[in-house]
Every structure is written in structure tokens, then in C-alpha cells.
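Student: Got a structure for you, written out below as C-alpha cells; questions coming shortly.
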Amino acid sequence: TAPTRLDAYRAPAWRVETVELDFELAIDSTEVTARLHLRRDPALPLPLRLDGENLELLSIALDGATLPPDMFRYTDNVLEVDGARDGSVLETRVRLRPATNTALEGLYLSGSAEAGFLLTQCEAEGFRHITFFPDRPDVQARYTVTLRADRDRFPVLLAGGNPDGAGVLDDGRHWARFVDPHPKPSYLFAVVAGRLQSIERDYVTADGRAVTLKIWSEADVIDRCDYAMDALERSMRWDEQTYGRNYDLDVFHVVATHDFNMGAMENKGLNIFNAKYLLADPDSSTDDEYRHVESVIAHEYFHNWSGNRVTCRDWFQLSLKEGLTVFREQSFAADMNSASLKRIEDVSLLRRAQFPEDAGPLAHPVRPAQYSEINNFYTATVYEKGAELVRMLAGCLGREGFRRGMDLYFARNDGHAATLEDFLGALGEANHTDLTPYLAWYGQAGTPRLQARGKYDAAAHTYALTLHQHTPATSGQPQKHALPIPVKLALFDGAGQMMILHMDGQTAKPQTECVVVLEADEQTFVFHDVPTAPVPSLLRGFSAPVILDCDYDATELALLLRHDPDGFNRWEASQQLATLAYVELRDGGASHALEAWLDALSALFAHNDIEPALLANLLTPPGEVEWAEREASVDPARIHALRQQLQRHLAERIGADALHQCYLVLAAEASLSLDAASQARRRLKQRVLELLCLADADTAQPLAATQYSSAPGMTDRLGALTVLLRSAAAQAPAALAHYRQRYDDNALALDKWFMAQAQVPGETALDRVSTLQRDASFTLKNPNRVQSLLGAFVRANPSGFHRADGAGYRFLAGQLVQLDALNPQVAARLATAFNGWQRLEPGRREAARTVIDGLADRDGLSRNLREIVANVRK
Ligand code: ZN
């Protein structure tokens, strides 16, 4: 089938004003009756065409009369109906088979046929797997949903909207009805039915609405939902205070499932969560996982305005809701925890996940121009780069200006399906400024390279900063244009003090930090009254998603690393310095940068007056994936070895004794407390243990073994297990066996058992993963399990996956073919691990090419996997 194109968008000829849906629910066979009240646009005299996939049509009637067979056609996933007019009511009845729906799209079964429950996933195009409908986000309808099911098997019946009655039928069944007063697109529809428990809390919104919050899960994990409830309440308050957004129904339900393709889903009034992002308890969740739960709860809740009340006109605008909501979620997390740490985490993720995507054959604009399978575009580019673009706009407008713009955006588009133009238009209009130049960011793929060159004129006391931008060509976009790039900057003097900035034509109050916007290929910005040659600190806070190339020398970076008052920029200086050190090691030349990095960090470590979480981050060099991005011919084994070498140098410079002492101090206060300070100390303790293991494994391994067995919670336990595994400690097998037994009935904890082993670097990883793949607990049917073993291996273990003989690639291809037959969405996501193969060194490249060609030539792949394989091959 031909791809869908943005420039081919047409408004819908037919809309649905209201829809009544009746479900007769059962595991093997569910019947769905839909009554669509249709509206027709008289200007678009097109036949009525509805989407529908894999539907068994039982009956069809138009305006109360059964339709004769020559009045409708159901072919190629489209139902075409003759004779409908404006105001017609179409009634269809279909049968679904939830128990055999392994794609987890539409209505499906979570868990076993005996004990599991039924649920739906409709974004992006799952609703057409439930009933015939114009399944596109610009068709917004009012939903009335009635569920009927056996009372013993399905004691809980839920749908989006407000409850509108329930009762018992005389044949052992019962029913429940829900009415959603807010018109919504079909992708926000949801139903849940089964044996579930709940926890409940009353909430009153800032504008006075009493809301019942309920979180639902299966009985065995209901005691792990409290943290999510707290996070939900914090999210709701924050959105009221920060954006003036109130919740708008009488109930808000959240449901946890172990079988979910994505992280979570913002269905109106009935969010559905991957259990991984909802359940949390100290015994099975790490600190990172707690923070993920808080963020994802916030993210889905925030969608109620940025996504649901204002939705997307079409799926090309996906970032309108996702980029914006990720940005909102990031701001919330920054307010809840530490802003600079949050920024470090987010920028690391962007560099690890989005930059490689933008640099390889899968590169696409934040607003893609075309797609074959929309599920393949839930990417780091649409989400994370999209959030960076919103952050840039917010930065341009300032806090109050951005709020003004958001108010106008929500007010003007409430109840509508909007575009990115509507978004930028409202932000600009509310601030009497034109933001349209920023639209170019949404249409152009690839990460811009920003080159900065400074020139100090000692006689004139001027500093001229020349910025130059260039974006490399990406697949299908050979020509790139200059983008507006805001560069936040400061100038430091030799003593590490920030200078007062005086710029050409600027009359504003002198400041130590300013933003210049590069609007052309190249521009020079001149600063006056600069007493000495400055060290520039550029792109502060990561003010634009670009790759900065500044000809810093090691001394300058070390100065920023020591003195920059901003935690993020300090970290950034350490990352750049570590990268220079890596290049020195790689090329076998001088070691100025290495020495500067080691000196600066060992001094910071010894002084011990720095925030522990920041110190842990400073002590961590960029990851292997980031460094691979710098190479023209990537040898992942070599990069891994160099990074290990660099860290060993660091461990030795700090010294085993100092590391040991620091570890003992931190270990003495082991606690379960979740406050930021406790989390930070656990993080530093882990980093110190890892470094100690490099400097002195004989000391570190027994400490790790003790930490494993006496750990009060999962952060310490998993951290210790990881150190034991990665250093091939004698104590590792016993710890693994213990873990396996202790968490045998805890799916999320067991996922981490698979993951920890899948991520152990080196050539032997594949053998371990192949063995685990045959483990009784491994199944391709559960997306979390697939991610924890196969995803962790192919994405987070470069030296293991990219084995020189290509066996990793052949293994992945074999798994993909099996997985694709069960779950195309998950298979396609996993296949993106082939991204970047063109830049591998020749041996690995040829091995990868053979495997990818073999996959591309196979018959019977899903549309999802086929599109990824075809794109990655380009
Ligand atoms: Zn989202």
C-alpha cells in the first residue's frame, strides 16, 4: 500500500456526532454493536467509508433497516456504505477474538484465559480493530458505552467518561454504562473488564470539582500502587498551579497491565499503564523506576489537556501532543526533584537515543512528511526532540510569555484537532512575536552541527564569537536550511568568574548570561569591554538540540568543570573533556585532556563539597553509543575497551583507598528513604563501587556481595548484582540464583534479572542471551520480557550485540521473524537496533548488510517490520 502523506491531508467528508457502543464481553468472543450518528459535509460529496480491520461483520443496518449485500462492500480494511445521508444512523455488529489477539492492539487479553482481564489499546489506529469507524483523530464524537459480561468472570467493568448506571442481569451477567461528555477522537477510547482491585482517593480540583481517583490492578500487586496515587495527586496540583489546567470528569481511572506495547496510554478518564510505569515498591523497584513512575503518571495525566482536550488533526502532528507533553512532564519532574539533574538525564537520553536516530537511515523530521505505519513514528525524534523544540520556544518567550501563549493555545483550540501551526501561532500571537521561523525545525531531519569560534582582541577589549551551522543531509532530504538556533552563553575569566556581558546594540541591564540567536548559516556576535581573553560557556542548559563543536582546549574545559555554577553546564564540560580524553586514548597521542579530566575529577572527589548525584554524573563519561556517533568507522568492541580504560584511569587516579573509604561512609547509611538526598547518595555509592571494582576488584567484589545480600531495597540489590556480573565475580552465580528464586513470581523484578545479564558487555554476551532466551520464564508474547532480554541486548550492549562475526545480527533477525508473527509493533521497534549499520567498520557492516538484505527479501513480514527494514536499508 502507498504511504500516507502529510500534503495529501483532506478534512473528513463524514463525521460522527455521537456513538453508542454495546459490548457483550467474553474472552474468546466479544460482540460489539456500534450506532454511529453521522454528519456529512455537503461540500465533500464522497461515499461513506469506514475503517475496520480483522472484523467479523455480523450485521449492518442503516436508519433502522438491514442493508442488503449490494449496498455495502468490506474490502482492504475499508467498509463502504451506499445510501447514507447527513443525519443517518449506521448500526454494525461485529465479533472480536480477544484471546488470540497477540498484537495487543484493539481489544485483547492480559494474562491467562482463566485469570486475566480484557482491555483495549487504540492509539494510533486500534479502534478500527474494535468496530467500523472513521478512525482518524480529526473525527471527534461523544461516546456512550455499555458493557455486559459474566459477573463472576468480569466483576469490574470500566470505560472512559463518567459512570452512568450499572445493574445486574438475570442470567449471571451484569452491565455498566459510561458517558463521556467531552467529544473525543477514537484513539482515546478505552474499555477494561475483569477481576481487578483498586485503591481510591478523593480529590477536589482548583475550580471545585470533586473527583474520585482510582488505580486498578490485579490483586497480587495492588499494594504497589500507592506511590502512583501520590504522584497522580502531585501531577494534578502542578498542572493547576503551573498551567491553570483542571481535570474535567468526575472520575479518573488508571489501570495497570503487564501486557502492553508502550509505556502508558492517556485514554480519556481511563488511563492504561504498562505495570512497569505504575507499580513501585522498595523491594522490587529502583530509584530510577520510582522516578519513571512519577514522570509517566504525570505525562499521561497532562495529556488530558495537551492531547485530549486539544488533540491532533492528523498523525503527522503527533509531536504537537507528545513533544509538548514530554516537555510538561520534564518541567514537572524538574520541579519535584533537581532541575539540573533532570536536565542531565534528559540530554543524555536525547544523545543516546535521538541523535543516532537523526544521524542514520531512520532519520525523520519531528513532523514526518509520510509514513506507511504510524506506529513506527512513536520515536525519540517525535517525543524527545519534539520536547526540545518546545523548550526552545518556551525559552524564547520566557516563563510568563510561555504561559500566556499556552493559555491562548488551549482556549482557542479546546475541543479541536489542531496542528503545529496552530501551536506556534498561538504562542507567537499571545506574545506579539512571530515564531514561524521555528516551524522549519519541525520539517527538517538531522541534528544541526553548531561550530563556534571565538576571537579576542586584547587591544580593543572585544570578543567576537562566530557561530556557524550546518546540518548533514539525511535520507530523502539532501538540502538543509539554516534554522534559528538560540545559544545561551556566558563568558568566564581565568579565575572562573562570570563576566558582565556588553553586546552591540544592547541596552538592557548588564547580565552575566545572555541568549544570542543564530538565524543564518553564519553570524558573528561581538562583546565589548571584555578585560581578558574569556572562556565561553556555550549552549547553556542545552538551549538547542544541536551538536556543538567549539575548539576548546582541555584547560578551558577544566576551568568550566571546576567553576561553572550551573550543575548542568559543569556536567557538560566534564562530558566534553572526557570526550577529548577518549580521542587522545584512541589516537595514542598526547594526554593533556586525560590529565586535565583526571586532575579535575580527583580534586572534586577529594574536596567532597559537591552534591552527590552531580558528582556521580561527573564521574560518568559519555556512553559507548554517544562515542560511536563520533566515529566514521565504528568498532563497538574497541570503543568499549577505550571507555573501560578511561574509567580505570579515573579510578586509579582517585585511588582505591579513597574510593573504598567513600563507599564505606555511604554504605553505612543505607536506607530505604526516597527523598532526593538519599537517592543521590545511593547513586554516588553505586558509581564509587563500580570505579572501585575497576581499581581493585578484590576489594570491591566482597563489598558488592555483602551489599547484595544485605540490601534494604532494589536499588542497592540490583546495583550490587550488576557489579558482580560485569566483573565476572566468583560471587555472581550465587547472587543470580538467589535473585531468580526470590523474585520468581514478580514479573517486573524478573525482567531486571534478564536485563542485568543481557547487558554484560563483551563477545560472550550472545551465548548468555541465547541461553536465557530458552529459559522457561522467557516469552516473546510479553513486550516487557522481550525488552528486558532482547531490547537490552541489542540496544544497551553494543560490544555484545555487534559481535565481530555478525552472530548478534543473525540472532536478532531470527527473533524478529518469530516476534513479528505475534506482535508487529514490538518487532518493528526492536528492528531499529539495526540503525547505524552503515557506519560500522567493514567486517561488521557486511555481516549486517547480509542479514538486513535477508530480512528485506522475506515474504510475509508485517507492514510495521517491513517499513523499518526497508528504511534502515537505505
Ligand atoms: Zn504521550
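Oh and the sequence shown: position 202 is 210 in UniProt numbering, straight run, nothing missing.
Note that the Cβ used here is the ideal one computed from N, Cα and C, for glycine as well.
Identify every residue that forms a DSSP beta bridge with Tyr464.
Tutor: As a first step, residue 464 must be located in the sequence shown, where it is residue number 456. DSSP, once it has assigned bridges, lists Tyr471 as partnering Tyr464.
Student: Is Val334 a contact residue of the ligand ZN, with contact defined as CB to any heavy atom under 8 Å?
Tutor: Within the sequence shown, the letter at position 326 stands for residue 334. Val334: yes, Cβ under 8 Å from the ligand ZN.
Student: Consult DSSP for Lys760 and reduce its assignment to one of helix, strand or coil.
Tutor: Here residue 760 refers to the residue found at position 752 when the sequence shown is read from its first residue. Reduced to three states, the DSSP call for Lys760 is helix.
Student: Between the alpha carbons of Trp313 and Arg144, how many angstroms are there, rounded?
Tutor: What you label residue 313 is simply residue 305 of the sequence shown in a count that begins at 1. What you label residue 144 is simply residue 136 of the sequence shown in a count that begins at 1. Taking the straight line from one Cα to the other gives about 19 Å.
Student: Quick check on the burial criterion: 16 or more other C-beta atoms within 10 angstroms. Buried or exposed for Ala598?
Tutor: By one-based count along the sequence shown, residue 598 stands at place 590. The residue is exposed, with fewer than 16 neighbouring Cβ atoms inside 10 Å.
Student: Determine, using beta carbons only, whether Asp143 comes closer than 9 Å to chain B.
Tutor: As a matter of chain content, chain B is missing from the structure shown, which is built from one protein chain.
Student: Report all residues from its chain with a CB closer than 6 Å to the CB of Pro791; omit the five preceding and five following residues, and keep chain order.
Tutor: If you number the sequence shown from 1, residue 791 lands on position 783. Contacts found: Asn269 and Val834.
Student: Run through the DSSP bridge pairs and tell me what Ser225 is partnered with.
Tutor: Position 217 of the sequence shown, counted from the first residue, corresponds to residue 225. Note: Ser225 sits in a beta bridge opposite Gln205.
Student: Which residue comes first and which comes last in the beta strand (DSSP E) that contains Phe576?
Tutor: Here the question's residue 576 lines up with position 568 in the sequence shown. Element bounds for Phe576: not the beta strand (DSSP E) but the alpha helix (DSSP H), Gly575 to Asp595.
Student: Going along the chain, which residues of its own chain have a beta-carbon closer than 7 Å to the beta-carbon of Thr563, five neighbours each way excluded?
Tutor: Locating residue 563 in the sequence shown gives position 555, where the first residue counts as 1. Only Ala604 meet the Cβ criterion.
Student: Is Ala315 near the ligand ZN, in the sense that its beta carbon is under 8 Å from a heavy atom of that ligand?
Tutor: Looking up residue 315 in the sequence shown gives position 307. A small fix is needed here, since residue 315 is Gly in this sequence, not Ala. Yes, since a heavy atom of the ligand ZN falls inside the 8 Å radius drawn around the Cβ of Gly315.
Student: Buried or exposed for Arg837, going by 16 or more other Cβ atoms inside 10 Å?
Tutor: For the purposes of this step, residue 837 is taken as residue 829 along the sequence shown, with counting starting at 1. Burial call: buried.
Student: Assign Leu797 to buried or exposed, taking buried as 16 or more other Cβ atoms, counted over all protein chains shown, within 10 Å of its Cβ.
Tutor: The residue you call residue 797 lines up with position 789 of the sequence shown. Per the 10 Å Cβ criterion, buried.
Student: Less than 9 Å between the beta carbons of Pro544 and Ala460, yes or no?
Tutor: Residue numbering aside, residue 544 sits at position 536 when the sequence shown is read from its first letter. Residue numbering aside, residue 460 sits at position 452 when the sequence shown is read from its first letter. Yes, they are a contact pair.
Student: Could you have a look at Ala614 and say whether DSSP puts it in helix, strand or coil?
Tutor: The count along the sequence shown starts at 1 and reaches residue 614 at position 606. The answer is helix: DSSP assigns Ala614 an H, G or I state.
Student: With a CB to CB cut of under 7 Å and the five nearest residues on each side skipped, what residues in its chain are close to residue 884?
Tutor: Residue 884 lies beyond the stretch modelled for the chain, which goes from 9 to 882, so this question has no answer here.
Student: At a cut-off of 8 Å, is Glu392 close to the ligand ZN when judged by its beta-carbon and the heavy atoms of the ligand?
Tutor: The residue given as residue 392 occupies position 384 in the sequence shown. No, the ligand ZN has no heavy atom inside 8 Å of this Cβ.
Student: Ends of the alpha helix (DSSP H) at Val777?
Tutor: The residue you call residue 777 lines up with position 769 of the sequence shown. That run of the alpha helix (DSSP H) goes Ala773 to Gln781.
Student: Quick one: what does DSSP say Phe310 is sitting in, helix, strand or coil?
Tutor: Start at 1 with the first residue of the sequence shown, and residue 310 comes out as number 302. Here Phe310 sits in helix by DSSP.
Student: Reducing DSSP to helix, strand and coil, say where His668 ends up.
Tutor: Here residue 668 is taken as the residue at index 660 of the sequence shown, counted from 1. DSSP places His668 in helix when its eight states are reduced to three.
Student: For the ligand ZN, is there any heavy atom lying closer than 8 Å to the beta carbon of Glu302?
Tutor: Counting from one through the sequence shown, the residue named residue 302 turns up at place 294. No, the beta carbon of Glu302 sits no closer than 8 Å to any heavy atom of the ligand ZN.
Student: Looking at the ligand ZN, does it come within less than 8 Å of His600, judged from the CB to the closest heavy atom?
Tutor: Counting from 1 along the sequence shown, the entry for residue 600 is found at position 592. No.
Student: Kindly list the residues whose CB is nearer than 7 Å to the CB of Ile876, restricted to its own chain and excluding five residues on each side of it in sequence; keep chain order.
Tutor: What you label residue 876 is simply residue 868 of the sequence shown in a count that begins at 1. Hits under 7 Å: Asn384, Ala836, Ala839 and Thr840.
Student: If contact is defined by three or more beta carbon pairs under 8 Å, each pair taking one atom from either stretch, is the stretch 298 to 313 in contact with the stretch 729 to 741?
Tutor: The stretch 729 to 741 vs the stretch 298 to 313: no contact.
Student: Kindly examine the ligand ZN and report whether one of its heavy atoms sits closer than 8 Å to the Cβ of Glu619.
Tutor: As a working note, residue 619 is residue 611 in the sequence shown. Outside the cutoff, so no.
Student: What does DSSP give as the partner residues of Leu14 in its beta bridges?
Tutor: Taking the first residue of the sequence shown as position 1, residue 14 is located at position 6. According to DSSP, which records beta bridges pairwise, Leu14 is partnered with nothing at all.
Student: If contacts are defined as beta-carbon pairs under 8 Å, then Gly169 and Val187 qualify, I think. What distance do you get, rounded to the angstrom?
Tutor: For the purposes of this step, residue 169 is taken as residue 161 along the sequence shown, with counting starting at 1. For the purposes of this step, residue 187 is taken as residue 179 along the sequence shown, with counting starting at 1. With 8 Å as the limit, Gly169 and Val187 qualify as a contact, their Cβ atoms being about 5 Å apart.
Student: Mind checking which residues open and close the beta strand (DSSP E) that includes Ser118?
Tutor: Counted from its first residue, the sequence shown places residue 118 at position 110. Start and end: Gly114 to Ser118.
Student: Per DSSP, which residues does Gly368 bridge with? Please list them.
Tutor: The count along the sequence shown starts at 1 and reaches residue 368 at position 360. BP columns for Gly368 are empty, so no partner.
Student: Taking 8 Å as the cut-off, is the C-beta of Lys760 nearer than that to any heavy atom in the ligand ZN?
Tutor: What you label residue 760 is simply residue 752 of the sequence shown in a count that begins at 1. False, no ligand heavy atom lies under 8 Å from that Cβ.
Student: Let me make sure I understand the geometry here. Which of Ala566, Ala621, Ala236 and Leu623 has the alpha-carbon closest to that of residue 1?
Tutor: Shown here, the chain extends from 9 to 882; a query on residue 1 therefore has no answer.
Student: So Arg150 and Pro191 are supposed to be a Cβ contact under 8 Å. How far apart are they, rounded?
Tutor: Taking the first residue of the sequence shown as 1, we reach residue 150 at position 142. Taking the first residue of the sequence shown as 1, we reach residue 191 at position 183. Going by Cβ atoms, the distance from Arg150 to Pro191 rounds to 5 Å, so yes, they are a contact pair.
Student: Considering only C-alpha positions, which residue in the set Leu491, Gln846 and Pro832 is nearest to Arg874?
Tutor: Along the sequence shown, read from residue 1 onward, the residue named residue 874 stands at position 866. It is Pro832.
Student: Go ahead and pull the three-state DSSP assignment for Arg661.
Tutor: By one-based count along the sequence shown, residue 661 stands at place 653. Looking at Arg661 - three-state DSSP - the assignment turns out to be helix.
Student: Which residues in the same chain as Ala757 place their Cβ atom closer than 6 Å to its Cβ, once the five residues preceding and following it in sequence are excluded?
Tutor: The residue labelled residue 757 in the question sits at position 749 within the sequence shown. Excluding residues within five positions, the ones whose Cβ falls inside 6 Å are Ser292 and Tyr751.
Student: Any heavy atom of the ligand ZN closer than 8 Å to the Cβ of Glu396?
Tutor: Taking the sequence shown and counting its residues from 1, one reaches residue 396 at position 388. No, since every heavy atom of the ligand ZN falls outside the 8 Å radius drawn around the Cβ of Glu396.
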